[in-house]
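Have a look at the structure below, then the notes.
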């Protein structure tokens, strides 16, 4: 695990350093706008500044490490649990015949655990051991099973499954003994296997894909919230510090805005990719089942929708930032914008655990504000075809173009207006005109 | 380098308020032009209009006869009234970035940054963050941001505001040097004495309209003749109060600043002063720029 973590972090650092050096070397040697038009060159300069400043920031570094730690925990902890199951401790009061002992061992094996027998002096001592947790189950004279707390029908813990299996198997052994069957008949009964049951409805979501979906959802939510807020604050700070006048004396508003969203977006994509690569490397190295089934497809879909979601929201947040001039104005502007993100996230979290998402949720997968959350979940559930995925992506791209046009109009009108928060109605009227 | 920046019929309205009302004037290269006017006259709006930072309702800005667009503006330098730099960015890095946005190569931007920081005496602050600098040094950095790329036109909004005498001398020297090298320099200021020292020409506007424009020498020489007369023992210049065709502009420590009507001969004033006592000072004086300014705005 540690090797995977170090490798992923080193990979990100090396990529960023090499990219920065190559850029410095090439830009130092060529005259500005050498092979590029002034538009793309200026956009590139603005984007490069944004990336440089963000990569340097403590928030980025600490935030990345925190996310990696959470992802590592989500991957490694389940494998620790699966790899070394706790043995079930069984307290024996009195003797336990060989067939019964074999039935207890067989019961443990059937629920994926092992058993450890402990001899207990009497029932009182067994009760004390149960209360203190030293044993999970007490068998009194091979005829009575005692547990500390009652086991409910919905309890799916290993101990509950073990106790249930022991209860049934010891009963069968007793019944076999009572029936005075021959050894061959007893052996035949012991080899009995339950018949498989097929259901018409699909079963619950498989663990690995579910975990991957959840990791993807949290990743999209955290990154959309974080990076869009950066855009909003970045635009507001350029306005409040008045550096915007100096910048716009040299470049067009559309260049400045495009460079900003592109630069911050690339930082987001690099971070998300690093997290996904880290998750995959770590999952492979610790033998997690994260890579099994449709999980890699879910991860890829998560990255696609992270890009599409960012592309849609970044313009909206940039336009909002151009209306504000102070931090307190930012708060009041960010809240309504975050509502569709929170709504989509909660709906997707709910749907990710269900076997059959509602029609309403499927509709959300085609709406650009909620699609970044809903569509990867549908992919994880296997409830979407490739052309439905593509259709949703195209709807999102078309809407993003429209939103970007409107947002740049608002930005252009509002960014140079100072002296208080600009009213949206004012700039919309002018932007449309 | 030679050229002419022409502002033609600039009009800008904010609702019922008219900030610029068909304003037209031109700024030649090779001289420092002062841009004057009372608060709210439209100076900042005019300067922002040159850079497309305000939408004009009418009018046009031309450089060498061609309309000013993005390509031309990249070759202009601008220092806005409200200083604007990234507070948390390091000085040299920020200047190089701004230079590159104006079309410089990375190497040229780096070299020009070093040269200008040394020229303005702040080379040792190259790696400091902007918000760690004093007001005066931030002002110097802001000026470097406008100069870095060797602009053909330099537009500076109140570049001397809040500076100590050393700062004023440093920035004033740079502006004069830029003009001598063929740059077109227009700067606004409320400090008329400094404008008079620095500028060869001034343009005065009020209510978004041109009031007067011309060379400082010509404006100073124009208008009624002025005399400064000091009569021993008459600190209030009471001798001048009864003299026909003479208006007392100011009395300072016994020296009377007099404005003469065109019909009045200076000899008659001298005779009147000599009749009042011994004349210790009798000097013809040019109009000060502050007087030009006040009289233009009457």
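Chains as they are written, first to last, in my numbering: chain A, 1 to 433; chain B, 1001 to 1298. Just so you know, even glycine gets a beta-carbon here, dropped at the ideal spot from N, CA and C. Note that this is a predicted model, so its numbers are computed, not measured.
- Counting only the Cα atoms, residue 165 of chain A lies some 18 Å from residue 97 of chain A.
- Taking 9 Å as the cut-off between beta carbons, the residues of the stretch 222 to 245 of chain A near chain B are 237, 238, 241, 242, 243, 244 and 245, in sequence order.
- With a cutoff of 8 Å on beta-carbon distance, residue 1130 of chain B and residue 1079 of chain B are scored as not near each other.
- Scanning chain B for C-beta atoms nearer than 7 Å to the C-beta of residue 42 of chain A yields 1101, reported in chain order.
- In the structure shown, residue 1244 of chain B falls within a coil segment according to DSSP collapsed to helix, strand and coil.
- Only buried fits residue 1237 of chain B, as 16 or more other CB atoms lie within 10 angstroms of its CB.
- Within the stretch 1089 to 1177 of chain B, the complete beta strand (DSSP E) runs of at least 3 residues fall at 1153 to 1157.
- Burial state of residue 141 of chain A is exposed, judged by a 10 Å Cβ sphere holding fewer than 16 other Cβ atoms.
- For residue 163 of chain A, the enclosing alpha helix (DSSP H) begins and ends at 158 to 179.
- In this structure the stretch 1223 to 1240 of chain B does not touch the stretch 1198 to 1215 of chain B; the number of beta carbon pairs closer than 8 Å is below three.
- The shortest CA-to-CA distance from residue 276 of chain A to any of A/342, A/90 and A/299 is the one to A/299.
- Residue state for residue 152 of chain A is assigned as coil, using DSSP reduced to three classes.
- Take residue 51 of chain A, set aside five residues on each side of it, and the residues of its chain with a beta-carbon closer than 7 Å to its own are 263, 266 and 267, in chain order.
- Here residue 88 of chain A carries a strand assignment [DSSP, helix/strand/coil].
- Per DSSP, the continuous alpha helix (DSSP H) segment holding residue 314 of chain A begins and ends at 295 to 323.
- Across the structure, residue 1185 of chain B and residue 1057 of chain B are spaced so that their CA atoms are roughly 25 Å apart.
- By the criterion of a C-beta distance shorter than 7 Å, residue 43 of chain A is surrounded in its chain by 255, 258, 259 and 262, once the five residues flanking it on both sides are discounted.
- About 4 Å separates the beta carbons of residue 138 of chain A and residue 91 of chain A, which is inside the 8 Å limit, making them a contact pair.
- For residue 1224 of chain B, same chain residues with a beta-carbon under 8 Å away, outside a window of 5 residues either side, are 1259, 1260, 1261 and 1262 in chain order.
- Residues are counted here when their Cβ sits less than 7 Å from a Cβ of chain A; for the stretch 1077 to 1092 of chain B these are 1078, 1080, 1082, 1083, 1084, 1085, 1086 and 1087, given in chain order.
- When Cβ-Cβ separations below 8 Å define contact, residue 417 of chain A makes no contact with chain B.
- Sequence-distant Cβ neighbours of residue 213 of chain A in its own chain, meaning closer than 6 Å and more than five residues away, are 298, 352, 377 and 380.
- Between residue 310 of chain A and residue 366 of chain A a beta carbon distance of about 18 Å is seen, past the 8 Å cut, so the two are scored as non-contacting.
- The C-alpha of residue 77 of chain A is placed about 53 Å away from the C-alpha of residue 1134 of chain B.
- Secondary structure remark: continuous alpha helix (DSSP H) runs of at least 4 residues inside the stretch 1172 to 1213 of chain B, in chain order: 1192 to 1198.
- In the DSSP assignment, residue 1076 of chain B falls within the beta strand (DSSP E) that extends over 1076 to 1079.
- Counting the other CB atoms within 10 Å of its CB gives residue 1244 of chain B a total below 16, which places it among the exposed residues.
- Per DSSP, residue 390 of chain A lies in no beta strand (DSSP E) segment; the continuous alpha helix (DSSP H) that holds it begins and ends at 386 to 414.
- Per DSSP, the beta bridge partners of residue 1257 of chain B are B/1228 and B/1250.
- A distance below 6 Å between beta-carbons, with the five flanking residues on each side excluded, links residue 1187 of chain B to the following residues of its chain, in chain order: 1156 and 1159.
- For residue 257 of chain A, the enclosing alpha helix (DSSP H) starts and ends at 253 to 286.
- If you keep only unbroken alpha helix (DSSP H) runs of at least 4 residues inside the stretch 99 to 139 of chain A, you get 123 to 132.
- Within the stretch 1007 to 1068 of chain B, the alpha helix (DSSP H) runs of at least 4 residues that lie entirely inside it are, in chain order, 1043 to 1050.
- Sequence-ordered contacts of the stretch 248 to 273 of chain A with chain B read 248, 249, 250, 251 and 252 [C-beta pairs closer than 8 Å].
- When secondary structure is reduced to three states using DSSP, residue 243 of chain A falls in the helix class.
- No residue range can be given for residue 1265 of chain B, since it is assigned to no beta strand (DSSP E) and is classified by DSSP as neither H nor E.
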